[in-house]
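Trainee: My structure is below; once you've seen it, I'll send some questions.
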Amino acid sequence: MTVIAPDRTDELLERMEELCANAVDPLEVTAALEADGINDEAARGYGHPDVFALAEDLYDRTPRRPPAIGVSDSPWRAVPWRHLLRGVLFGMPGLCFVAVQPVLARSGAGVLLVLSLLLSWTVSQGTAYLGYVRLGLGDRASAARVLRYGLAAGVLVVVPVTVAAGSLLAAGKAATALAAGLCAYLLSAMVAQVNGAERRLLLALLPGSATVVVYFAHRGGLSASGSVPTGIWIAWLVTLAATVVLALVCTSGAGRPRRPVGALRDIASALPFAVFGLLTGGLLTFTLLCALAGRPVPPGPTTVAVLALSVSMGVAEWILYAFRKRVHHLLRVHSDIAGFARAARVALATALGRYLAALVGLVAVAAPIAGLSATLATLRLLAGFLGLGGAFFLALVLQACGRVRVVLGASACALLAEVASAVGVPAAEPATVQMTVAGALLLTLSIYAGTVLSRATSHR
30 MTVIAPDRTD
40 ELLERMEELC
50 ANAVDPLEVT
60 AALEADGIND
70 EAARGYGHPD
80 VFALAEDLYD
90 RTPRRPPAIG
100 VSDSPWRAVP
110 WRHLLRGVLF
120 GMPGLCFVAV
130 QPVLARSGAG
140 VLLVLSLLLS
150 WTVSQGTAYL
160 GYVRLGLGDR
170 ASAARVLRYG
180 LAAGVLVVVP
190 VTVAAGSLLA
200 AGKAATALAA
210 GLCAYLLSAM
220 VAQVNGAERR
230 LLLALLPGSA
240 TVVVYFAHRG
250 GLSASGSVPT
260 GIWIAWLVTL
270 AATVVLALVC
280 TSGAGRPRRP
290 VGALRDIASA
300 LPFAVFGLLT
310 GGLLTFTLLC
320 ALAGRPVPPG
330 PTTVAVLALS
340 VSMGVAEWIL
350 YAFRKRVHHL
360 LRVHSDIAGF
370 ARAARVALAT
380 ALGRYLAALV
390 GLVAVAAPIA
400 GLSATLATLR
410 LLAGFLGLGG
420 AFFLALVLQA
430 CGRVRVVLGA
440 SACALLAEVA
450 SAVGVPAAEP
460 ATVQMTVAGA
470 LLLTLSIYAG
480 TVLSRATSHR
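Residue numbers for the sequence shown, in the working numbering: 30 to 489.
What follows is the structure, encoded as structure tokens:
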């Protein structure tokens, strides 16, 4: 072995000192040495068998000196009022369902309503993904184009399918009109929210929501066997028209549609997110479908849980931004992989805990207003929705970090398990089934998220 004077190795160490001091591990030094033209043969000239051994020696001999942390330039800046307003906007359409309860008395009407929700969520999730991708690239014209044509395609497909289903299910004209209008509203509201028009969407919702609130205040609510006043139908029709107009205004910069090849590529990239919308809709409406099938499901706790879960999605976005900002900071302050992994897991657990605490708080506020009592059946049902909310939050975080496939697989297995139990075990209580399945889904996603989100590569 050729022995080289120590001053030559010291000279190399001095030349590579800054890189070695800031390197995360010896492999980073190895890459720098090879880029500098030092291969295994050259490393032997420095008294080491290969370049990996030389890199490890240089790394070990250099004290860690991560760069000084300046002012954070994190792109994850939460806007609290916007996230909270989004939560309110998610929950406000529920007033319409309460007001028109008499037209949903038929079981076919309830099934149709669930079908319209599933179809709308599926199309909305896929279209919203494409819109956000283009906005992230700074191409507002392309975002407006994909949102407008996604809205048009959704309305032209979803609304006719809903009307045809209403006829097959004998849901009634009023319920069919309600379901079709709901589809158009959800698709239009999605376009408005992707474009950051939450305040204008709130104004569009005011006619319908305010009319219901005023009516309830003066008349004490609606009976399930009564009729829906004409004024409420008109007010919600005004809200629907205003929302559609808002969506068209938000996409006024749309140009010509893309070529067929580009459109097919868009559909393929949006498909996982559309499927996720379908799966989450199925999991969320499982107990409602069981109730429509005559299974024992307490209606009060279901309404409170779904409303709280809908409103909590705005809080979830806020906490998601805070989590990503925290991880961005951790990437700057940690120079070792193990330390970053531990801190990232703590940040994830903290974010999940904050979300679950917010969801519990919303349920605690809504439960007394709805007159719920703390029975065992009620607690089981609420626990199931709590687990479902935690799983949805982790799915949101994983999707934001580009981890979609496992989320889809786990959600699909959960939904299949619920369907299998409903069909194969008629005696199983729906609330118990949902609590068990939601708990398993939450545990699965927690383990997966704790594993993949502790890697720096997941936060690029």
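Don't be surprised by glycine CBs; every beta carbon is placed ideally from N, CA and C.
Report the three-state DSSP secondary structure of A424 (helix, strand or coil).
Mentor: A424: helix per DSSP, three-state reduction.
Trainee: How about L159 and G179: do their beta carbons lie closer than 9 Å?
Mentor: Contact flag set, yes.
Trainee: From A253 to A208, what distance separates their C-alpha atoms?
Mentor: Residue confidence is low: A253 scores 46 on pLDDT, short of 50, so the model does not pin down where it sits. Its coordinate-derived value is still stated next. So the alpha carbons of these two residues sit roughly 18 Å apart.
Trainee: Between which two residues does the alpha helix (DSSP H) containing I261 stretch?
Mentor: Counting along the chain, the alpha helix (DSSP H) containing I261 begins and ends at T259 to C279.
Trainee: Please classify I67: does DSSP put it in a helix, a strand, or coil?
Mentor: Residue state, collapsed to three classes: coil.
Trainee: If G532 and A264 are in contact, beta carbons under 8 Å, what's the gap, nearest whole angstrom?
Mentor: Only positions 30 to 489 of the chain appear in this structure, which leaves residue 532 out of reach.
Trainee: Let me know the secondary structure DSSP gives S475 once reduced to three states.
Mentor: Residue state, collapsed to three classes: helix.
Trainee: Looking only at C-alpha atoms, which of A60, T59, Y75 and L62 sits nearest to D39?
Mentor: Cα-wise, what sits closest to D39 is Y75.
Trainee: Under the three-state reduction of DSSP, which class applies to G438: helix, strand or coil?
Mentor: Looking at G438 - three-state DSSP - the assignment turns out to be helix.
Trainee: I need the DSSP call for R44, collapsed to helix, strand or coil.
Mentor: Helix.
Trainee: Less than 6 Å between C-beta atoms, sequence neighbours within five positions excluded: which residues of the same chain meet that for C49?
Mentor: These residues qualify, in order along the chain: V58, L87, Y88 and T91.
Trainee: Using C-beta distances below 7 Å, list every residue in its chain close to V290, excluding the 5 sequence neighbours before and after it, in chain order.
Mentor: In this prediction, V290 has a pLDDT of 46, which is less than 50 and means its spatial position is unreliable; what the coordinates show is noted afterwards. Excluding residues within five positions, none has a Cβ falling inside 7 Å.
Trainee: Just tell me which of S487, T316, V278 and F81 has its CA closest to the CA of R229.
Mentor: Cα-wise, what sits closest to R229 is V278.
Trainee: L27 and Y350 look like a contact to me (Cβ under 8 Å); what is the Cβ gap, rounded to whole Å?
Mentor: In the structure as shown, the chain starts at 30 and stops at 489, and residue 27 therefore has no counterpart that could be examined.
Trainee: Could you round the C-beta distance between A303 and A221 to whole angstroms and report it? I think they count as a contact, below 8 Å.
Mentor: Rounded, the Cβ-Cβ distance is 19 Å, inconsistent with contact.
Trainee: Which term fits V333, buried or exposed, when burial requires 16 or more other beta carbons within 10 angstroms of its beta carbon?
Mentor: The residue is buried, with at least 16 neighbouring Cβ atoms inside 10 Å.
Trainee: Apply the 10 Å Cβ neighbour rule to E227 and answer buried if 16 or more other Cβ atoms are within range, or exposed otherwise.
Mentor: Buried, by the Cβ-count rule.
Trainee: Excluding the five sequence neighbours on either side, which residues of its own chain have a C-beta within less than 6 Å of the C-beta of V273, listed in chain order?
Mentor: Result list for V273: S217, in chain order.
Trainee: Grab the span of the alpha helix (DSSP H) containing R115 for me, first residue to last.
Mentor: P109 to G120 is the extent of the alpha helix (DSSP H) around R115.
Trainee: Between T151, L405, T404 and L482, which has its C-alpha nearest L308's C-alpha?
Mentor: If we check each option's Cα against that of L308, T151 comes out closest.
Trainee: Give me, in chain order, the residues of the same chain whose beta-carbon lies closer than 6 Å to that of G137; leave out the 5 immediate sequence neighbours on both sides.
Mentor: Excluding sequence neighbours, G137 sits near L198, A199 and A200.
Trainee: Beta-carbon within less than 7 Å of E346's beta-carbon, same chain only, minus the 5 sequence neighbours each way: which residues are those?
Mentor: Within the same chain, E346 has close Cβ partners H112 and R115.
Trainee: Where do the ends of the alpha helix (DSSP H) carrying E85 lie?
Mentor: Unbroken alpha helix (DSSP H) run through E85: V80 to R90.
Trainee: Do you know how far the Cα of I476 is from the Cα of H358?
Mentor: If you take the alpha carbons of H358 and I476, they lie about 23 Å apart.
Trainee: Whole-angstrom Cβ separation of R355 and G479, contact assumed at under 8 Å?
Mentor: At roughly 15 Å, the Cβ-Cβ gap does not stay under 8 Å, so R355 and G479 are not in contact.
Trainee: Would you call the CB atoms of R409 and M464 closer than 9 Å?
Mentor: Yes, these two residues count as a Cβ contact at 9 Å.
Trainee: Would you mind stating whether S281 and R371 have Cβ atoms separated by less than 9 Å?
Mentor: No.
Trainee: Give the range of the alpha helix (DSSP H) segment to which A239 is assigned.
Mentor: E227 to R248 is the span of the alpha helix (DSSP H), which, as asked, contains A239.
Trainee: For A424 and L211, I'd like the C-alpha separation in whole angstroms.
Mentor: Roughly 25 Å separates the two Cα atoms.
Trainee: Can you look up G311 in the DSSP assignment and give me helix, strand or coil?
Mentor: In the structure shown, G311 sits in a helix (DSSP, three-state: H, G or I).
Trainee: Can you tell me the Cα-Cα spacing of A443 and R432, whole angstroms?
Mentor: A443 and R432: Cα-Cα distance of roughly 18 Å.
Trainee: To the nearest angstrom, how far is it from the Cα of S298 to the Cα of S402?
Mentor: The straight-line gap from Cα to Cα measures roughly 46 Å.
Trainee: Suppose the cutoff is 8 Å on Cβ atoms and the five residues either side in sequence are ignored; what does the same chain contact list for S256 look like?
Mentor: Closer than 8 Å at Cβ, skipping near neighbours: P131.
Trainee: Throw me the rounded Cβ distance for the L338 and F414 pair, which I believe falls under 8 Å.
Mentor: The pair is a contact, with the Cβ atoms about 6 Å apart (cut-off 8 Å).
Trainee: Pick out whichever of A446, A173, L385 and L391 has its Cα sitting closest to the Cα of F421.
Mentor: When only C-alpha atoms are compared, the closest one is L385.
Trainee: Confirm, please, whether the CB-CB distance from V243 to A128 is below 9 Å.
Mentor: Not in contact: A128 and V243 (Cβ atoms no closer than 9 Å).
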